[in-house]
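Protein chains in written order, with this note's numbering: chain A, 420 to 510; chain B, 27 to 375; chain C, 8 to 376.
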């Protein structure tokens with residue numbers, strides 16, 4: 420359920436009394452409603468679902484999680500089984 | 027609560043009794059329509075090959091013959107319009123059989139109320155496209171339907187071409203070990219069109235890849251005649267083209283996900299709408315099945331040609347999973363690349 | 008694309024897989040509730056990677072699958088009215104009702120349109136003031152604020168030709184139903200990251216405490232899911248039953264206050280039927296009485312339409328994690344995405360459909376298409 424992806428706010432304006440913004444996803448942009456993320460500013464990343472930003476991506480938390488993952492040691496045990504699994508040709 | 031919860035389920039719908047848009051999507055519904063409605067009444071061994079074009083001998087020459095209809099909304103889109111598309115589409119179907127185009131026909135179904143100036147722009151674009159190739163539009167027809175019965179302009183083009191001596195392209199020739207080459211990034215046409223669709227609109231600089239492929243094909247065949255088969259992955263995308271070849275040739279195909287080029291614009295739109303680029307339409311790309319010994323030189327020839335500048339090797343033909351197309355993910359796992367029942371729909375979940 | 012590509016890194020995935028394999032000393036059964044997460048798991052073949060000790064079962068978290076037959080019949084009835092413009096999210100069009108689907112209504116001349124956002128439906132209502140515009144508001148908690156905003160704005164603008172057919176469902180009551188079943192084998196849950204982005208995860212803390220099962224709020228990319236699986240395995244191995252938040256970059260404990268507030272202004276909690284599951288108490292939303300003028304069921308008088316769901320497939324067992332899609336004798340033969348027999352084959356996010364699309368080559372020979 421609930422396909423939502425991160426995009427970057429390019430600009431923001433008020434339309435019909437609601438806050439909207441242009442949000443960039445890869446090589447495209449689309450208008451999204453920013454009314455639920457009053458704290459989000461131009462340049463911020465927001466998670467967008469059916470044309471509505473539902474959260475501002477917490478850049479520090481994202482960075483921290485990623486660093487934790489990155490620091491995780493590659494494992495020494497059972498490398499054979501793992502490599503076999505990863506290198507498996509399903510054909 | 028004791029015991030498993032009693033979940034219940036709906037019965038399936040009765041046999042499909044109406045044409046739905048999915049019948050024109052180039053996916054499984056299109057194939058079923060062909061099999062259940064047309065083939066039982068059209069008795070032709072040439073048609074039964076179900077190639078993109080009919081190739082037959084006539085007084086010592088090998089001719090290719092094909093027809094295609096064009097219904098695109100909007101009529102004018104970034105990177106092309108229905109006029110040039112109608113010329114390129116049929117030229118490309120001929121080219122996939124190895125043929126160089128000779129003559130085209132053009133049939134128009136016009137909606138009452140259409141502005142003549144719009145039609146003039148379409149005709150001008152068709153003429154320019156035909157001159158560039160070059161191919162002559164030698165016959166045509168025009169019909170008008172009541173307002174509301176058409177969508178401005180529908181165009182049908184039929185083409186005839188000559189297959190050069192020694193060229194033989196057919197899915198039946200594809201065999202295990204052959205390599206799969208793709209001429210460039212996928213999904214440009216479908217996403218460029220989708221960007222302008224009501225209710226979905228988004229902004230992008232992406233242009234349709236609409237282009238003629240006969241020059242690229244000639245360049246490939248000039249370096250090797252061991253190209254076994256080609257397809258232009260139009261409706262239904264790369265997935266449909268590969269599945270068609272796999273099922274006609276009775277072989278398996280394995281492709282590498284990381285090898286398939288996709289532009290940032292196409293990726294962004296697909297991520298946002300929950301679409302898979304493998305199913306998105308192209309109008310200026312081809313996928314070729316080449317004998318392994320010839321693959322390097324054919325690939326080099328493709329890259330020297332403007333239409334094949336970004337050509338890559340994306341996979342290989344195998345005998346291990348007949349009639350199935352598998353994709354290897356960057357994680358080393360595999361998954362099926364299936365033909366869709368109908369059009370891909372934007373999803374929320 | 009930033010915040011997507013980093014979370015699809017194969018080298019990091021390999022490390023997480025190794026860590027999961029090392030951490031799991033016993034068999035564990037985990038459920039991801041959300042169809043979007045099922046899609047990622049199956050698309051990347053993550054089940055193949057993580058080893059036999061951790062079994063993943065797929066939950067009922069696909070709004071398209073669980074929208075009940077009677078609501079579809081109501082949608083089809085409304086969309087068939089000549090002057091109506093019926094607007095829907097794309098993936099609802101193929102879902103069969105009792106006798107038809109929205110695609111066939113469109114083929115028969117109905118004005119059925121696909122929209123990406125409910126605001127697109129609102130725009131259509133402004134542009135066509137003389138025609139009724141009806142939006143098909145399905146979804147879980149993630150989608151509810153967007154749908155609420157559309158109807159809230161319509162009321163503010165006085166758009167009298169706009170209405171909504173609401174079929175909203177909620178995740179926690181469905182989890183409670185699963186956990187109350189004596190046949191339940193799920194030992195830990197990946198909680199849906201986008202639902203929790205809106206709602207926070209306090210409700211899941213109650214569930215964890217009451218049923219003594221761990222939850223990890225998970226994101227939607229392969230690394231998110233692998234990390235969520237690892238955190239669940241560690242909790243289970245250590246005998247903990249807490250709520251942990253893996254999807255920190257989007258989710259906080261109390262959710263999105265602005266979104267929740269708009270939802271509660273517009274919707275109220277109600278009992279709902281789930282397709283393939285049956286009625287679940289207090290498991291959905293309907294429009295509050297002050298929005299009655301925007302309730303398509305009332306506007307078009309279709310409230311009385313009902314549709315019994317004949318028992319047929321094993322989706323009950325699939326959705327409880329007691330069976331895999333490939334265990335069903337109809338899987339890939341009588342039941343395919345083109346001819347769905349049950350809810351999980353209906354939507355591209357349904358467990359059976361995802362298996363059919365990506366994984367039927369790993370099914371036992373008898374179950375293959």
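In this text, a Cβ means the ideal position worked out from N, Cα and C, and glycines have one as well.
_Based on DSSP bridge pairs, tell me the residues matched to residue 450 (chain A)._
A:441
*asked:* Contact defined as beta carbons within less than 8 Å: I believe residue 151 (chain B) pairs with residue 109 (chain B). What is the distance between those atoms, to the nearest angstrom?
replied: 3 Å
*Counting contacts by CB-CB distance shorter than 8 Å, is residue 431 (chain A) in contact with chain C?*
no
*Whole beta strand (DSSP E) runs in the region 9-71 of chain C with 3 or more residues, listed along the chain?*
35-41 and 61-68
*Does the region 283-291 of chain C come within contact of the region 171-185 of chain C, defined as at least 3 CB pairs closer than 8 Å?*
yes
*Output yes if chain B places a C-beta closer than 8 Å to the C-beta of residue 115 (chain C); else output no.*
yes
*asked:* In this structure, how does DSSP classify residue 342 (chain C) when only helix, strand and coil are distinguished?
replied: strand
_Within 7 Å of chain B by C-beta, residues of the region 75-89 of chain C in sequence order_ = 76
*For residue 118 (chain B), which of helix, strand or coil comes out of DSSP?*
helix
*Check distances from the C-beta atoms of the region 217-244 of chain B to those of chain C and list, in chain order, the residues that come in under 9 Å.*
223, 224, 225, 226, 227 and 228
*Which residues in the same chain have their Cβ closer than 6 Å to the Cβ of residue 78 (chain C), if we skip the five residues on either side of it in sequence?*
174
*Going along the chain, which residues of the region 240-271 of chain C sit with their C-beta nearer than 7 Å to a C-beta in chain A?*
255, 256, 257, 263, 265 and 266
*Look at the alpha carbon of residue 453 (chain A) and the alpha carbon of residue 438 (chain A), and state the distance between them as a whole number of angstroms.*
5 Å
*Taking only the alpha-carbon atoms, compute the straight-line gap between residue 307 (chain C) and residue 31 (chain C) and give it to the nearest angstrom.*
55 Å
_So, at 7 Å on beta carbons, what are the nonlocal neighbours of residue 16 (chain C) in its own chain, with the 5 sequence-adjacent residues on each side left out?_
230
*asked:* Just verifying my parser: in three-state terms, what is the DSSP assignment at residue 346 (chain B)?
replied: coil
*In terms of DSSP beta bridges, what is residue 388 (chain C) paired with?*
Lying before the first or after the last residue shown, residue 388 (chain C) is absent from chain C, which here runs from 8 to 376.
_When you compare the region 239-258 of chain C with the region 108-128 of chain C, are there three or more beta-carbon pairs, one atom per stretch, that lie closer than 8 Å?_
no
*When the Cα atoms are used, what is the spatial distance from residue 234 (chain B) to residue 148 (chain B)?*
16 Å
*Under 6 Å Cβ to Cβ from residue 34 (chain C), same chain only, skipping five residues before and after it: list those, please.*
60
*For residue 196 (chain C) versus residue 43 (chain C), is the C-beta distance shorter than 8 Å?*
no
*Hey, is residue 357 (chain B)'s beta-carbon within less than 8 Å of any beta-carbon in chain E?*
No chain E is part of this structure, whose protein chains are labelled A, B and C.
*Count the other CB atoms, across all protein chains shown, that sit within 10 Å of the CB of residue 274 (chain C); report buried if there are 16 or more and exposed otherwise.*
buried
_C-alpha distance - residue 61 (chain B) paired with residue 467 (chain A), whole-angstrom precision_ = 42 Å
_Proximal chain A residues relative to residue 286 (chain B), where beta-carbon distance stays under 9 Å_ = Simply none; closest approach about 16 Å.
*What does residue 427 (chain A) pair with, by DSSP beta-bridge criteria?*
A:443 and A:464
*For the alpha helix (DSSP H) containing residue 206 (chain C), list its first residue and its last residue.*
200-206
*For the putative contact between residue 114 (chain C) and residue 44 (chain B), defined by C-beta atoms under 8 Å, what is the C-beta separation to the nearest angstrom?*
5 Å
_Buried versus exposed call for residue 127 (chain B) [16 or more other C-beta atoms within 10 Å across all chains shown]_ = buried
_Coil, strand or helix - residue 301 (chain C) by DSSP_ = helix
*Name the two residues that bound the continuous beta strand (DSSP E) containing residue 207 (chain B).*
205-208
*Count the other C-beta atoms from every protein chain shown that fall within 10 angstroms of the C-beta of residue 432 (chain A), then say buried if there are 16 or more, exposed otherwise.*
exposed
*Cα separation between residue 225 (chain B) and residue 120 (chain C)?*
8 Å
*Could you tell me whether the region 160-172 of chain C touches the region 134-149 of chain C, using the rule of 3 or more Cβ pairs below 8 Å?*
yes
*asked:* Below 7 Å on C-beta distance, what does residue 373 (chain B) contact in chain A?
replied: 422
*asked:* Which of the three DSSP states is assigned to residue 189 (chain B) in this structure?
replied: strand
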